[in-house]
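Peer 1: The structure's right below; bear with me while I get my questions together.
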Amino acid sequence: TTTTVGLADGLRKIGKSAVVALREPSLGPVFGIKGGAAGGGYAQVVPMENINLHFTGDFHAIGAANNLLAAMLDNHIQQGNSLGIDLRRITWRRAVDMNDRQLRNIVIGLGGKANGTPREDGFNITVASEIMAVLCLASDIKDLKERLSRIIVGYTYSGEPVTAGELKAQGAMAALLKDALKPNLVQTLEGTLAFV
Numbered sequence: 001t002t003t004t005v006g007l008a009d010g011l012r013k014i015g016k017s018a019v020v021a022l023r024e025p026s027l028g029p030v031f032g033i034k035g036g037a038a039g040g041g042y043a044q045v046v047p048m049e050n051i052n053l054h055f056t057g058d059f060h061a062i063g064a065a066n067n068l069l070a071a072m073l074d075n076h077i078q079q080g081n082s083l084g085i086d087l088r089r090i091t092w093r094r095a096v097d098m099n100d101r102q103l104r105n106i107v108i109g110l111g112g113k114a115n116g117t118p119r120e121d122g123f124n125i126t127v128a129s130e131i132m133a134v135l136c137l138a139s140d141i142k143d144l145k146e147r148l149s150r151i152i153v154g155y156t157y158s159g160e161p162v163t164a165g166e167l168k169a170q171g172a173m174a175a176l177l178k179d180a181l182k183p184n185l186v187q188t189l190e191g192t193l194a195f196v
């Protein structure tokens with residue numbers, strides 16, 4: 001981050017056009033040894049505290065869309081599993097924007113029949129989720145919905161892939177992500193424009 005900001009500020013100082021493009025920092029590293037990702041010293045984007053701590057809520061939207069798909073997948077299984085999803089071949093994991101190694105591999109669905117079907121699951125850090133990748137690649141809301149619908153969440157007993165589209169999850173997921181699709185504009189301490 002510091003190198004990117006310093007380079008852009010330096011280019012502007014010698015009369016060249018430059019704009020910074022950074023990703024929003026994840027809360028995991030912000031609270032870990034690595035720290036925030038808004039730069040340092042005089043080479044930083046501002047407001048640094050806001051950028052490092054939630055900023056616009058994009059990560060929350062990404063995590064919510066990811067976990068909505070996980071909930072819809074589990075609800076489909078609970079309601080009879082008409083797609084024939086093999087519980088041993090579910091590939092979709094939940095997401096949380098925190099480094100919490102205790103949640104990497106868990107067992108869900110405990111507590112009896114009304115509370116789901118017991119199976120292994122886990123959490124990925126939000127920025128490593130497929131939703132994050134899809135959001136970064138999408139060009140508009142229509143493209144976002146199409147890409148979301150193609151996400152593979154697991155496989156049937158016969159080995160066929162099951163997608164978010166088959167669970168009819170893409171519309172609700174896109175609704176959660178509609179504002180996260182928009183760019184966020186800030187600036188460096190030197191006044192260089194920055195997209196986060």
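Here the sequence shown is numbered in the numbering used here, starting from 1 and rising by one per residue.
Cβ atoms here follow ideal geometry from the backbone N, Cα and C, with glycine treated the same way.
#1: Is it right to say E120 is buried, meaning 16 or more other beta carbons lie within 10 angstroms of its own, or is it exposed?
#2: Quick one: measure Cβ to Cβ for G154 and I108, integer angstroms, because I've assumed they're closer than 8 angstroms.
#3: Going along the chain, which residues of its own chain have a beta-carbon closer than 7 angstroms to the beta-carbon of N124, five neighbours each way excluded?
#4: Here's the rule I'm using: 16 or more other beta-carbon atoms within 10 Å means buried, otherwise exposed. How should L141 be labelled?
#5: Would E146 count as contacting chain D if we go by Cβ distances under 9 angstroms?
#6: Which stretch, first to last residue, makes up the beta strand (DSSP E) that contains I106?
#7: Report the three-state DSSP secondary structure of V19 (helix, strand or coil).
#8: List the whole-angstrom C-beta distance separating L103 from G122, where the pair is believed to meet the contact cut-off of C-beta under 8 angstroms.
#9: Would you tell me roughly how many angstroms separate the C-alpha atoms of G40 and R12, rounded to the nearest one?
#10: Would you call D97 buried or exposed, if buried means 16 or more other Cβ atoms sit within 10 Å of its Cβ?
Peer 2: According to the structure data:
#1: exposed
#2: With 8 angstroms as the limit, G154 and I108 do not qualify as a contact, their Cβ atoms being about 14 angstroms apart.
#3: R93, A95
#4: Note on identity: in this sequence residue 141 is Ile, with Leu being the wrong assignment. It counts as exposed.
#5: The structure shown has no chain D; it contains just one protein chain.
#6: 106-108
#7: coil
#8: 7 angstroms
#9: 18 angstroms
#10: buried
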